[in-house]
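One structure is given below, encoded as structure tokens.
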Amino acid sequence: MILPDFENIVFFLAAASILILIPGPSVLYIMAKSVEQGYKAGIVSVLGIGIGSMIHVAAAAIGISSILLTSSTAFSIVKYLGAIYLIYLGIKKLLEKIPSKQPVITNKDKRLDKIFYEGIIVNTFNPKTAIFFFSFLPQFINIDKGGNASQILFLGILFTVFAILSDTLYVLLSVKISKWFTNSKKYLKRQKNITGSIYIALGLITLTINQPIEHSNTK
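All you need for our numbering is the position in the sequence shown, starting with 1, plus 30.
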């Protein structure tokens with residue numbers, strides 16, 4: 031396996047650390063899940079998001095992401111599917127009824143495997159993630175060494191591992207904060223509205239993502 035130069039790895043880790051620590055849509059999604067359903071759900075959603083990231087890394091390594099960047103149709107399909115799914119989750123959450131008894135229970139019985147697959151879907155159908163990996167990772171490889179795919183894959187794995195560690199900290203923070211208010215029914219209502227609104231907002235943000243390639247007009 032051909033790896034990037036050591037200097038490139040150092041620069042990559044520095045740049046990636048800054049980007050990872052800045053909360054983005056995935057972090058907001060993970061925090062919403064953590065507040066809504068607790069520590070285990072948050073960790074599982076982190077792992078799902080991580081798998082989704084690795085799908086994009088693999089796609090960037092073998093060149094599939096280039097299709098998304100050069101084909102407006104493929105790009106639009108991915109964008110709209112991701113946006114629709116997020117908006118669906120938001121509407122579903124907003125319409126959810128708060129139980130009149132035992133308000134402390136907030137859907138913690140939801141199957142963890144469902145949350146895991148949900149995280150994968152959310153990140154896999156996020157075109158912004160594809161754009162990021164395809165444009166960011168290649169800047170830190172040494173083309174002269176060859177093995178471009180293996181270099182991109184290595185950097186992508188590093189980034190994903192760092193992101194998982196960082197996202198786990200957000201899970202712990204979110205659960206800690208939520209525990210202060212879980213006995214309040216008013217809080218549960220606000221939590222439901224905030225979580226649903228976050229999902230819908232993420233879906234709308236996805237709709238605003240434009241393809242970063244300008245195609246020439248041949249007509």
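Note that CB positions come from ideal geometry on N, CA and C, so glycine has one too. The model shown is predicted, which means the values in this text are computed figures rather than measured ones.
Reduced DSSP secondary structure (H/G/I, E/B, other) of D143: Along the sequence shown, read from residue 1 onward, the residue named residue 143 stands at position 113. Helix at D143.
Using a threshold of 8 Å, state whether the C-beta atoms of A113 and L237 are closer than that. Against the sequence shown, residue 113 aligns to sequence position 83. Against the sequence shown, residue 237 aligns to sequence position 207. Closer than 8 Å, so yes.
Can you find a C-beta in chain B that's less than 8 Å from the C-beta of M84? Chain labels in this structure do not include chain B; a single protein chain is all it has.
Nearest-angstrom Cβ-Cβ length linking L232 and L116, presumed shorter than 8 Å: Start at 1 with the first residue of the sequence shown, and residue 232 comes out as number 202. Start at 1 with the first residue of the sequence shown, and residue 116 comes out as number 86. Their Cβ separation, rounded to whole angstroms, is 5 Å, which keeps L232 and L116 in contact under 8 Å.
Beta-carbon within less than 6 Å of I79's beta-carbon, same chain only, minus the 5 sequence neighbours each way: which residues are those? Sequence index remark: in the sequence shown, residue 79 carries index 49 (1-based). Within the same chain, I79 has close Cβ partners S56, G149, N153.
With DSSP run on the structure shown, which of helix, strand or coil describes M61? As a first step, residue 61 is located in the sequence shown; it is residue number 31 there, counting from the start. M61: helix per DSSP, three-state reduction.
I171 - DSSP class collapsed to helix/strand/coil: Within the sequence shown, residue 171 is the residue found at index 141, counting from 1. Here I171 sits in coil by DSSP.
Keeping to the same chain, check which residues put their C-beta closer than 8 Å to that of G176; ignore five residues upstream and five downstream. The residue labelled residue 176 in the question sits at position 146 within the sequence shown. Correct list, in chain order: I32.
If I follow the unbroken alpha helix (DSSP H) through T159, where does it start and stop? Your numbering for residue 159 matches position 129 in the sequence shown. Note, T159: alpha helix (DSSP H), 157-166.
Using a 10 Å radius around the Cβ and a threshold of 16 neighbouring Cβ atoms, would you call D197 buried or exposed? Translated into positions along the sequence shown, residue 197 becomes position 167. Under this definition D197 is a buried residue.
Measure the Cβ-Cβ separation of V191 and G68 and say whether it is below 8 Å. Here residue 191 refers to the residue found at position 161 of the sequence shown. Here residue 68 refers to the residue found at position 38 of the sequence shown. No, Cβ-Cβ distance for V191 and G68 is not below 8 Å.
Which residue from G93, N156, T225 puts its Cα closest to that of L167? Position 137 of the sequence shown holds residue 167. Among G93, N156, T225, the Cα nearest to that of L167 is on G93.
Buried or exposed: where does V201 fall if 16 or more other Cβ atoms within 10 Å of its Cβ makes it buried? Here residue 201 refers to the residue found at position 171 when the sequence shown is read from its first residue. Flag for V201 reads buried.
Rounding to the nearest angstrom, what Cα-Cα distance links Q181 and Q169 in this structure? Position 151 of the sequence shown, counted from the first residue, corresponds to residue 181. Position 139 of the sequence shown, counted from the first residue, corresponds to residue 169. Spanning the two alpha carbons is a distance of roughly 11 Å.
Give me, in chain order, the residues of the same chain whose beta-carbon lies closer than 6 Å to that of H245; leave out the 5 immediate sequence neighbours on both sides. Here residue 245 refers to the residue found at position 215 when the sequence shown is read from its first residue. Any reading at H245 must be qualified, since the residue scores a pLDDT of 41, below 50, and its modelled position is unreliable; the value itself is stated next. Here the set comprises nothing.
Determine the closest residue to E126 out of E66, N178, L58, with distance taken between C-alpha atoms. For the purposes of this step, residue 126 is identified with residue 96 of the sequence shown, where counting begins at 1. Among E66, N178, L58, the Cα nearest to that of E126 belongs to E66.
Which value, in whole angstroms, describes the spacing of the CA atoms of S227 and G120? Stepping through the sequence shown from its first residue, residue 227 is reached at position 197. Stepping through the sequence shown from its first residue, residue 120 is reached at position 90. Using only the alpha carbons, I get a separation of about 6 Å.
Backbone secondary structure at T238 - three-state DSSP: Your numbering for residue 238 matches position 208 in the sequence shown. T238: coil per DSSP, three-state reduction.
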